[in-house]
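For reference, the structure is listed below as structure tokens.
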Amino acid sequence: MVSISGAMTRSTRSADWGFPRWRGYGSAREAVQVRMCDRHGCDQPGNCPAPKSPNSPDRWYFCQEHAGEYNRGWNYFEGLTAEEAAEREANETRAANGFAEAKHYSWGGPGDGTRSRDEMRALEMLELDSDADFDAVRVAWRRLAKEHHPDLRPGDAEAAKRFQAIQAAYDVLRSAEEARSWKPGA
243 MVSISGAMTR
253 STRSADWGFP
263 RWRGYGSARE
273 AVQVRMCDRH
283 GCDQPGNCPA
293 PKSPNSPDRW
303 YFCQEHAGEY
313 NRGWNYFEGL
323 TAEEAAEREA
333 NETRAANGFA
343 EAKHYSWGGP
353 GDGTRSRDEM
363 RALEMLELDS
373 DADFDAVRVA
383 WRRLAKEHHP
393 DLRPGDAEAA
403 KRFQAIQAAY
413 DVLRSAEEAR
423 SWKPGA
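Quick note on the numbering used here: the sequence shown kicks off at 243 and runs consecutively.
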């Protein structure tokens, strides 16, 4: 005779008959630990690490929404002098030469990604808006070059420096325009 209590006990045999590969993905029996967002009151998973302070290994873990909010106010160069910030920027852009291959696709740069930081500085030097086309660049370059040309202002060292800066800005914008108009395989 079989007792009722023996028939009601839970079986220890799994449904896969001992073959773990027959189980579905994610059907592990262990609880998966989920790190919650470090923002007070948020109940979303915190899977986006963010540094607690510049040059610190400590991290906050935010959800995507709060990580975006945190990054909008982040100052990467906080606590550095202007020289240290310029040196760090130069060192980090020097190591980014792997992205030079994709430069003609206009993926890098501020704003909408159509202009690099150097191009933005060059446009500022030529007294143009950030959305100026190359025809406007050419007109502004000619006007400023005529105004500050050393032949028209002999002995004026400040005009000579300004003329060189205007010429360098035009060269930056011209090479960027050539890179944009370059088509692979053409």
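Where is the CB? At the ideal position from N, CA and C, for every residue including glycine.
> Applying the criterion that 16 or more other CB atoms from any shown protein chain within 10 Å of the CB defines a buried residue, is Glu326 buried or exposed?
Replying inline: Exposed: under 16 other Cβ atoms inside 10 Å.
> So the alpha helix (DSSP H) Trp383 belongs to, where does it begin and stop?
Replying inline: 376-390
> What's the C-alpha gap between Gly350 and Pro392?
Replying inline: With a pLDDT of only 41 at Gly350, under the threshold of 50, the placement of this residue in the model should not be trusted; the figure read from the coordinates follows. Between Gly350 and Pro392, the C-alpha separation is close to 36 Å.
>> According to DSSP, simplified to helix, strand and coil, what is Ala411?
In response: helix
> Does DSSP put Tyr303 in a helix, in a strand, or in coil?
Replying inline: strand
>> Between which residues of its own chain and Phe405 is the CB-CB distance below 7 Å, once the five residues before and five after are set aside?
In response: Same-chain partners within the cutoff: Ala387, His390, His391, Pro392.
> Hey, would you say Met278 sits closer than 8 Å to Pro291, going by beta carbons?
Replying inline: no
> Are there three or more Cβ pairs, one per stretch, closer than 8 Å when the stretch 369-386 is compared with the stretch 396-403?
Replying inline: At 8 Å Cβ cutoff, the stretches do not touch.
> To which residues does DSSP link Ala292 through a beta bridge?
Replying inline: Trp302
>> So the candidates are Ser423, Leu368, Ser372; which of them puts its Cα closest to the Cα of Ala410?
In response: Leu368
>> Check for me: the alpha helix (DSSP H) holding Met367 runs from which residue to which?
In response: 359-367
> Quick one: is Phe304 buried, meaning 16 or more other Cβ sit within 10 Å of its Cβ, or exposed?
Replying inline: buried
> In or out: Glu361 buried (at least 16 other Cβ within 10 Å) or exposed?
Replying inline: Here Glu361 is buried. Its C-beta has 16 or more other C-beta atoms within 10 Å.
>> DSSP has Pro287 in a bridge; who is on the other side?
In response: Met278
>> Measuring alpha carbon to alpha carbon, tell me which residue in Asp285, Asp375, Leu394, Asp300 is nearest Leu415.
In response: Asp375
> In terms of alpha-carbon separation, which member of His308, Ser298, Arg359 lies closest to Gly283?
Replying inline: His308
>> So, with DSSP's three-state summary, where would you put Gly310?
In response: helix
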